[in-house]
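Going left to right, the sequence shown walks through residues 1 to 154 as our numbering numbers them. Data first, discussion second: the structure below is written as structure tokens.
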Amino acid sequence: MCSRWMLILCLTLILCLTLILCLTLILCLALILRLTLILCLTLILCLTLILCLTLILCLTLILCLTLILCLTLILCLTLILCLTLILCLTLILRLTLILCLTLILRLTLILCLTLILRLTLILCLTLILSLTLIVWLTLILCLTLILCLSGAAG
């Protein structure tokens, strides 16, 4: 009578632990999928920002060149020289600002990728440890069940 209850108790314990370990594995996989989605969205956002800044740079260059040409046709030579100097300085400042922003975005992208890679490595290690724990617990439970069955048979 006692051995039957022990056997039922062992089987219930094995089922509960297996269910807990499976749920843990599912949660780890869901977390990995979420982090992968965050990585993809971050990459898309960074690439979009880089493309927008490149477009702004091209439009700024076109605008400055158009202004220089229009002023050359309308104003006298002295006025043209002064305005050209002002426009060139403005262009240099804008280009410097755009280049700095592009560099900051690239560095941010590198830092985001590094962080995401580290988090992915941590999740993979957690998954490996969880799987190892599942294997060990299953082995221990099987050995316990064998010992219970051999004790019940003996």
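Using N, Cα and C, we set each Cβ at its ideal position, and we do this for glycine too. Just so you know, these numbers come straight off a predicted model, no measurement behind them.
State yes or no: is the C-beta of residue i within less than 8 Å of the C-beta of residue j?
i       : j       : result
Leu-141 : Ile-44  : no
Ile-68  : Leu-87  : yes
Ser-130 : Cys-22  : no
Cys-10  : Thr-144 : yes
Cys-64  : Leu-91  : yes
Ile-116 : Leu-39  : yes
Leu-105 : Cys-46  : yes
Thr-42  : Cys-112 : yes
With DSSP collapsed to three states, give me the class of residue i.
i      : result
Ile-76 : In the sequence as displayed, the identity of residue 76 is Cys instead of Ile. Three-state result, Cys-76: coil.
Between the options, which has its C-alpha nearest residue i's C-alpha?
i       : options                           : result
Thr-53  : Cys-112, Leu-101, Leu-79          : According to the sequence as given, residue 53 is Leu; it is not Thr. Selected option, being the one with the closest Cα: Leu-101.
Thr-132 : Leu-9, Cys-76, Leu-7, Leu-25      : Leu-25
Leu-109 : Thr-18, Val-135, Leu-49, Thr-90   : Leu-49
Cys-58  : Thr-12, Thr-84, Arg-94            : Arg-94
Leu-55  : Ile-98, Ile-146, Leu-103, Ile-134 : Ile-98
Leu-17  : Ile-146, Leu-77, Trp-136, Leu-149 : Trp-136
Ile-134 : Leu-111, Ile-20, Leu-83, Ser-150  : Ile-20
Leu-61  : Cys-76, Arg-4, Leu-89             : Leu-89
Segment contact flag, the stretch 29 to 39 with the stretch 118 to 128, C-beta cutoff 8 Å, min 3 pairs: Three or more Cβ pairs drawn from the stretch 29 to 39 and the stretch 118 to 128 lie within less than 8 Å of each other, which places the two stretches in contact.
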